[in-house]
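Asker:
Numbering (the numbering used here), first residue to last: 1 to 418.
This is the structure we're talking about:
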C-alpha cells in the first residue's frame with residue numbers, strides 16, 4: 001500500500017495525473033509492474049529534458065574553428081608503414097575490441113525486423129548486414145592471427161529477434177564465445193504537455209536513448225568489465241548499416257597510438273557544402289561534431305586556402321577509443337537532443353490513440369557529443385568509395401541500390417589490387 005501511495009505522490013508532484021487514473025483501472029499484476037517501472041524513472045531528468053524542448057539551440061560562430069586531419073591517401077610511405085605496424089601489433093596482442101550498434105529496426109528500408117537482418121542484394125544471392133560485418137572481422141582475425149571480441153548492442157525492442165537470427169545463422173561462423181550481446185538503455189516519451197505516454201502493455205512508453213547511450217550501456221551491461229578482463233586497450237564503435245565499414249583499420253589505430261590521443265575517428269569529405277551530415281570541428285578548443293542543421297550556412301560554404309571546405313570532414317560513425325576514454329564518458333551525462341515524433345499511446349480511459357501529426361518528444365544523446373570531454377581527436381580522412389556505403393533509405397541516396405553498387409565496385413577493385 002505504501003509503495004502505491006508513494007508512487008501516487010510522485011506522479012502528483014510531476015503532474016502525471018493521467019497515470020494515477022490508470023493505476024485505479026488496471027489489473028493488480030499490471031499495476032505492480034507499472035509501479036516498479038515508475039520507481040526507476042528519473043523524473044527530474046525527464047522534466048528537465050522536456051523543458052529544454054522549449055529552448056532555442058544557440059551556436060555562436062566565433063567559438064567554432066576547423067579541425068586538423070591526416071589524409072590516408074597523402075600519408076608518406078614511412079608514415080603509413082609506422083601507423084600500420086603500431087596498429088597491427090596492438091591487434092595481434094589481443095588489445096582490440098569492436099562494438100556494433102544494432103539497436104534499430106529496418107523501418108525506413110521497408111524491412112520488418114532488426115536492421116542487421118536486412119539482406120543486401122549483392123552478387124545475386126545477397127548478404128545480410130550482420131554477415132558483411134562478420135566477414136570483415138573474420139578477415140582481420142585471419143590476417144592478424146587473433147580473435148577480436150565483438151560486442152553487439154541491441155535494443156529492448158529487437159534483442160530477442162537479433163539473438164534468434166544470429167543463432168539460426170550460426171553467428172555467420174564467428175566464434176560464439178567472442179560475441180557479447182547487450183542492450184541499449186531507454187528513456188520515456190513525453191507529450192507536448194510533459195505527460196508520459198502509456199503503451200498497450202500498460203507501461204510507460206520508452207524508446208532507445210540514442211547512440212550516445214552506447215557508453216553507459218557498455219558499463220551497465222558488464223561489457224566494459226568483460227573488456228578489461230580480456231586486456232582490451234582499444235575499442236572501435238561503428239554502426240550496423242555501413243557495408244564498407246573497416247572495423248579493424250590498422251592505419252587508424254596506429255595513427256591514434258602514435259599521436260597519443262584517447263579518441264580517433266575516420267572521416268570522408270562532404271559531397272557538397274549542404275550534404276546532410278555532421279561535420280568535425282573544434283568548439284572552445286574541444287573536438288566536436290556539428291549536425292548539418294546546426295551549422296550556419298555561411299560556415300558550411302567556407303573554404304580554406306586550398307579551396308577545400310573548412311568544415312568538410314564528415315562524421316561517418318567510425319570511432320575509436322582507449323578503454324580509459326570509454327570508462328570516462330560512461331559516467332558522464334551527455335547532452336540530449338529532442339526529436340518531435342508521432343507515437344501512438346493509451347489514454348486514461350484505456351483507449352489507443354493513433355495520432356496523425358507529431359505529438360511527442362523522444363530524447364536522444366549522440367555518440368559524438370562525448371568528444372567534447374577530450375582535448376584532442378585524431379582524424380584520418382578516408383575515401384567515400386572505400387569507407388562509406390550506408391544502407392539507410394529505401395530509395396535514392398544511401399539506399400540498398402547505392403550500397404550494393406559501392407560494395408561490389410570496392411571488392412572488384414580489391415581483386416584487381418587497385
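Even for Gly, the Cβ is constructed at its ideal location relative to N, Cα and C.
Give the list of continuous alpha helix (DSSP H) stretches no shorter than 4 residues that lie fully inside the segment 42 to 97.
Answerer: Here the runs fully enclosed are 43 to 52 and 77 to 92.
Asker: Measure the alpha-carbon distance for residue 215 versus residue 408 and round it to whole angstroms.
Answerer: Using only the alpha carbons, I get a separation of about 33 Å.
Asker: For residue 216, report the span of its alpha helix (DSSP H) as first-last.
Answerer: Element bounds for residue 216: 214 to 220.
Asker: Looking only at DSSP bridge pairs, what is residue 286 linked to?
Answerer: 283.
Asker: Report buried or exposed for residue 322, applying the criterion of at least 16 other Cβ atoms within 10 angstroms of its Cβ.
Answerer: Buried is the call here.
Asker: Would you mind stating whether residue 363 and residue 210 have Cβ atoms separated by less than 9 Å?
Answerer: In contact: residue 363 and residue 210 (Cβ atoms closer than 9 Å).
Asker: Put residue 324 into one of helix, strand or coil per three-state DSSP.
Answerer: DSSP places residue 324 in helix when its eight states are reduced to three.
Asker: Can you check which of these residues, 33, 38 and 27, is closest to residue 12 by C-alpha distance?
Answerer: Comparing Cα-Cα distances from residue 12 to each of 33, 38 and 27, the minimum goes to 38.
Asker: How should residue 158 be labelled, buried or exposed, when 16 other C-beta atoms within 10 angstroms of its C-beta is the threshold for buried?
Answerer: Residue 158 comes out buried.
Asker: Taking all protein chains shown into account, decide if residue 17 is buried (16 or more other Cβ within 10 angstroms of its Cβ) or exposed.
Answerer: Answer is exposed; the Cβ neighbour count stays below 16.
Asker: Could you tell me whether the segment 308 to 317 touches the segment 259 to 279, where touching means 3 or more Cβ pairs closer than 8 Å?
Answerer: Enough Cβ pairs lie closer than 8 Å, so yes.
Asker: Measuring CB to CB, does residue 376 end up less than 9 Å from residue 212?
Answerer: No, the pair does not count as a contact, with Cβ atoms beyond the cut-off.
Asker: Check each candidate in 348, 199 and 219 and name the one with the smallest Cα separation from residue 328.
Answerer: With distances taken between Cα atoms, residue 328 lies closest to 219.
Asker: What are the boundary residues of the alpha helix (DSSP H) that residue 186 is part of?
Answerer: Where residue 186 is concerned, there is no enclosing alpha helix (DSSP H), although the beta strand (DSSP E) it sits in stretches over 186 to 188.
Asker: How many Å lie between residue 181 and residue 127 at the Cα?
Answerer: Roughly 21 Å between the two C-alpha positions.
Asker: Quick check: the Cα distance between residue 161 and residue 307, rounded to an integer number of angstroms?
Answerer: Cα-Cα distance, rounded: 49 Å.
Asker: On the three-state DSSP scale, how would you describe residue 366?
Answerer: Of the three classes helix, strand and coil, the one that applies to residue 366 here is coil, per DSSP.
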